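Numbering (the UniProt record's numbering), first residue to last: 1 to 303. Ideal Cβ positions, reconstructed from N, Cα and C, are used throughout, including at glycine. For clarity, every value in this text was computed on a predicted model and none was experimentally measured. For reference, the structure discussed in these notes is given below.
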């Protein structure tokens, strides 16, 4: 964990303004920027000769296409992915965040990491948010960091086990679901516990965004139920992020590979908006921005 994790400086005022939205007015689009060589969706930028230039090009395209937030990740969370050491993760994401911040000073940047040291380095480099796929459970330094920096943080429900995955050569991997007694009530109860842990650690309520963890330790049917019942997650009283883009449950329902899952992702986006999703985390920004905007227009139309 780097020394900057313990830095108690408040977040810069411009970063705070960039990273805060008025929730409920419209759905927001989070564009995925994978600074990895092994993204399940095949869009990892670490393979590019000039990674920084490729990330800038993608960021520019995403912002033009309607992204409200750019989510920068340096470690793949796909089933079967090799773990990445903190120093390597920092080396991947920091130059990209610095470059995006310099080129697009008003962009909202999120760091997709469960390591406090990586998150701290990313915030120092210009990130505004933390996106923790383990909901504070992986690194005891993450909650104090979020408190010290006063930044928004996404907390995801996750009962997956990295070594418990099923890999299909064509459709990709999926995490095996643990045994749930009563799936939805258990997920909601665990999310309340996660939320209480965050509040108890001192994270401001207005800084917490909840992610039900579609694709992480759920069956195909459970993932679809979670999307359909997203309003139950929203009832916990915090903005909700839905991250279903191109995931393996779509591939298994439609029998298509990741690059052919745009239509399936569009369905999850539309239902997510109808059920109250505040943020859609997606690979295909232009298409999903259109789907989200049109769905929202329909569900909010008056006579």
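Item	Value
Distance, residue 73 Cα to residue 42 Cα	Unreliable placement is indicated for residue 42, whose pLDDT of 46 sits below 50; no coordinate value is reported for it.
DSSP-derived helix/strand/coil call for residue 226	helix
Whole runs of the beta strand (DSSP E) within the segment 246 to 292, excluding any shorter than 3 residues	279 to 282
Residue 36 versus residue 50 - alpha carbon distance	13 Å
Opening and closing residue of the alpha helix (DSSP H) in which residue 117 lies	116 to 125
Bridge partner(s) assigned by DSSP for residue 73	34, 112
Euclidean distance between Cα positions of residue 108 and residue 178	35 Å
Close-in-space but distant-in-sequence residues of the same chain around residue 158 (CB under 8 Å, 5 per side omitted)	133, 134, 135, 137, 213, 216, 217
Strand pairing of residue 211, partner residues [DSSP]	156
Coil, strand or helix - residue 41 by DSSP	Reliability of the predicted coordinates at residue 41 is poor, the pLDDT of 45 falling under 50, and no value is obtained from them.
Cβ-based neighbour list, residue 48, same chain, cut-off 6 Å, excluding 5 preceding and 5 following	Per-residue confidence for residue 48 stands at a pLDDT of 49, beneath the threshold of 50, marking its modelled position as unreliable; no derived number is given.
Alpha carbon of residue 67 to alpha carbon of residue 28, nearest angstrom	7 Å
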